[in-house]
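J.:
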Amino acid sequence: MRKLIFFAILLLAMPIFAQGQDAPKAELFGGYSYLRADDANDGLDLHGWNASFAANLNKWFGLAADFSGHYGDATLVPGTKADLNMHIFTVGPRFSYRGNDRVTPFAHVLVGAARVDSSYLSRLGKIKNSDSTFALVLGGGLDINANKNLAFRLFQADYVMTRFDGETQNNFRISTGLVLKLGSQ
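Remember, my numbering sits 75 above the position in the sequence shown when you count from 1.
Shown next, in the form of structure tokens:
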């Protein structure tokens, strides 16, 4: 009988012991992003922003939506530069390890679309081009927890595969910024 009472008390006390390790219901990230874009020549250095929303279903698994915009220019032919914008929209599962109150490492596998818009001046006027394609994002990062509502994303590093013009582009993206943690489970 004493063992039964002991186990009943232990089971009732478990939520008290686990309170410090609860995951937020949702996380919003926003920050700076750098994209090393693969192109037919030497590659492009694009700068911009990255934002994401994650709904955590439990302490280690969530569904994430990730959006980014990167901007720069590219040389088409010597003397002709094009303004270039690349936007990536992806969703998928995110896995987090919350065994430490100070840091939260995570990994994600995201699929969606990428869009490139370019424009340049020619003798005929301003010429605009755009293209959309499949995108795959594989990566992860590390959040440094400031408190239960705020974290600093030290880094998020991603391999970004796109398929413009039927060719595979192997891109690399790194982001940093702030994470707002909303609610608790």
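We put the CB at the ideal spot given by N, CA and C, even for glycine.
Here the structure is a predicted model, which means the values were calculated and not measured.
Is there at least one Cβ from chain C nearer than 8 Å to F239's Cβ?
T.: No chain C appears in this structure, which consists of one protein chain only.
J.: If you compare alpha carbons, which of L229, D192, Y172 is closest to N160?
T.: On the sequence shown, position 85 is the one that residue 160 refers to. If we check each option's Cα against that of N160, D192 comes out closest.
J.: Residues in the same chain with beta-carbon distance under 8 Å from V186, minus the five sequence neighbours each way, listed in chain order, please.
T.: By one-based count along the sequence shown, residue 186 stands at place 111. Excluding residues within five positions, the ones whose Cβ falls inside 8 Å are T165, V166, G167, F209, A210, L211, V212.
J.: Pull up the DSSP beta-bridge partners for G252, would you.
T.: By 1-based counting over the sequence shown, the position of residue 252 is 177. Answer is G106, R228.
J.: Cβ of K203 within 8 Å of Cβ of A226?
T.: Numbered from its first residue, the sequence shown carries residue 203 at position 128. Numbered from its first residue, the sequence shown carries residue 226 at position 151. Taking 8 Å as the Cβ cut-off, K203 and A226 do not qualify as a contacting pair.
J.: Just the Cα atoms here: how many angstroms apart are S108 and N125?
T.: One-based indexing of the sequence shown puts residue 108 at position 33. One-based indexing of the sequence shown puts residue 125 at position 50. Cα to Cα, S108 sits roughly 6 Å from N125.
J.: If contact is defined by three or more beta carbon pairs under 8 Å, each pair taking one atom from either stretch, is the segment 97-117 in contact with the segment 247-256?
T.: At 8 Å Cβ cutoff, the stretches touch.
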